[in-house]
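The numbering of the sequence shown is the UniProt record's numbering, which starts it at 1 and goes up by one.
All C-beta atoms in this analysis are idealised placements derived from N, C-alpha and C, irrespective of residue type, glycine included.
The structure under discussion appears below in the form of C-alpha cells.
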Amino acid sequence: MFKRKRSTIKSKVKDISPSEAQDLIQNNKDKPSFLLLDVRTPEEFQQSHLNGAKLIDFYANNFTKEIMELDKSKKYLIYCRTGVRSSKTMKLMEKAGFKEVYNLSGGITRWNKSGLPH
Numbered sequence: 001m002f003k004r005k006r007s008t009i010k011s012k013v014k015d016i017s018p019s020e021a022q023d024l025i026q027n028n029k030d031k032p033s034f035l036l037l038d039v040r041t042p043e044e045f046q047q048s049h050l051n052g053a054k055l056i057d058f059y060a061n062n063f064t065k066e067i068m069e070l071d072k073s074k075k076y077l078i079y080c081r082t083g084v085r086s087s088k089t090m091k092l093m094e095k096a097g098f099k100e101v102y103n104l105s106g107g108i109t110r111w112n113k114s115g116l117p118h
C-alpha cells in the first residue's frame, strides 16, 4: 500500500586506481571530512605508509570496534599491502552505513609500482 521512497543519495563505495587515489588525496588532504586509513599491521606501517594515514590494524582484536567508531559522514580512502584487507574493510564499512569509502586497488604495492610519492 505505502511504498518506501528510495534514497536519492547514492553511496560512493568502490575500488580506485593509484592515480585516482592520488587525486583524491590531493583534493582532500587538508579537509577534516577526509581520512586516509591504513589497515596493515603496525610493523608494515612503520616500514612505510602514505603521508597522513591513520593506522587501524586489520588483525587487532578491536579492529571492528575501531572501524565502527569512525564518523560515517566522512570520506575514507583505505589501503593495505595488496588490497585484500582494505577491500574487506570497505565492504564492512558499506554494510555499516558509511557513505563514501574508496579502496586503493592493489594496495600500497600497486601504488609503489606506479611510482607515486608517499
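Give the DSSP-derived three-state secondary structure of Val13 in the structure shown.
If DSSP states are grouped into helix, strand and coil, Val13 belongs with the strands.
Classify Pro18: buried if its beta carbon has 16 or more other beta carbons within 10 angstroms, exposed otherwise.
Classification for Pro18: buried.
Between Leu35 and Lys65, how many whole angstroms is the CB-CB distance? I'm expecting something under 8 Å.
Their Cβ separation, rounded to whole angstroms, is 17 Å, which puts Leu35 and Lys65 out of contact at 8 Å.
Can you tell which of Val39, Lys12, Gln22, Leu24 has the C-alpha that lies nearest to the C-alpha of Val84?
Nearest option by C-alpha distance: Val39.
Decide if Ala96 is buried, meaning its Cβ has at least 16 other Cβ atoms within 10 Å, or exposed.
Ala96 comes out exposed.
How many whole angstroms separate the CB atoms of Ile67 and Thr89, which I take to be in contact at a CB cut-off of 8 Å?
Between Thr89 and Ile67 the Cβ distance is about 7 Å, and since that is below 8 Å, they are a contact.
Taking the continuous alpha helix (DSSP H) assigned at Glu43, which residues delimit it?
Start and end: 42-47.
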